[in-house]
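Here the structure comes first, spelled out in structure tokens, and everything after it is commentary.
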Amino acid sequence: MGWLARLLGQKSEEALPLYTAVVARARAPHWYLEGAVPDTVDGRFDMIAAILGLVVLRLEQEEAGAATNAVLTERFVDDMDGQLRELGVGDVVVGKHIGKMMGMLGGRLGAYRTGLAGGGIDTALVRNLYRGEAPAPAALAHVRDGLLAFRDRLGATPLATLRAGDLP
């Protein structure tokens, strides 16, 4: 029935608690103050994409996480669509912007996956959170250490807890 509900315009509420928790985590002031992530529309998008990316990578670790990943990504698209419309982007080009944002999210997922597998995520963070402009070493360390600790806590969190929106 999931495909039928989507066809008829009914959205699954399954991922709403988790997505809400991702956005709340990404909006924490310390990322922007101590971490020097730019407090701009782009910077907030980048921080949401970083937190969401770590959650998606965690969900990929379990076969049962695939369905949650799908509806979580759908929530992201819905949110970005709404944000673009609030910024005054017209109906004609919203889809193009959403496609670009999905590409950016996919690129970040790949960069974070590679950085985490290779033991060094700094390059991906500078490119994706700071748009290529390296921050002060202490700011980068704050973000890196915070994200790595979050990733480690995610790894120890049961899937049901994540689905409920209880991020560690």
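Just so we're aligned: the sequence shown equals residues 27 to 194 in the numbering used here. Don't be surprised by glycine CBs; every beta carbon is placed ideally from N, CA and C. Here the structure is a predicted model, which is why all the values come from computation and not from measurement.
Does the Cβ-Cβ distance between residue i and residue j come in under 7 Å?
i: Pro55; j: Ala190; result: no
i: Val169; j: Gly61; result: yes
i: Ile77; j: Ala41; result: no
i: Thr94; j: Leu85; result: yes
i: Val155; j: Asp65; result: What sits at residue 155 in the sequence shown is Leu, not Val. The answer is no: Cβ separation not under 7 Å.
i: Gly79; j: Leu135; result: yes
i: Ala150; j: Gly141; result: yes
i: Glu88; j: Leu185; result: yes
So residue i packs on residue j, CB below 8 Å; how close in whole Å?
i: Val81; j: Val48; result: 6 Å
i: Tyr45; j: Arg101; result: 4 Å
i: Asp148; j: Leu166; result: 6 Å
i: Ala160; j: Val152; result: 5 Å
Return the residue from the list the options that minimises the CA-CA distance to residue i.
i: Ile74; options: Gly144, Tyr58 and Leu166; result: Tyr58
i: Val67; options: Glu88, Asp192 and Glu112; result: Glu112
i: Asp178; options: Leu166, Ala186, Ala165 and Leu193; result: Leu193
i: Asp107; options: Met128, Glu88, Gly132 and Glu89; result: Met128
i: Val63; options: Met130, Asp104, Ala143 and Ala162; result: Ala162
i: Leu131; options: Leu188, Ala50, Thr183 and Leu83; result: Leu83
i: Asp171; options: Gly146, Gly133 and Asp105; result: Gly146
- If you scan the region 36 to 109 from start to end, which runs of the alpha helix (DSSP H) of 4 or more residues do you find wholly inside it? 42 to 52, 55 to 58 and 67 to 85
- Task: List in chain order: all unbroken alpha helix (DSSP H) runs of 4+ residues lying wholly within the region 130 to 166.
- Result: 148 to 155
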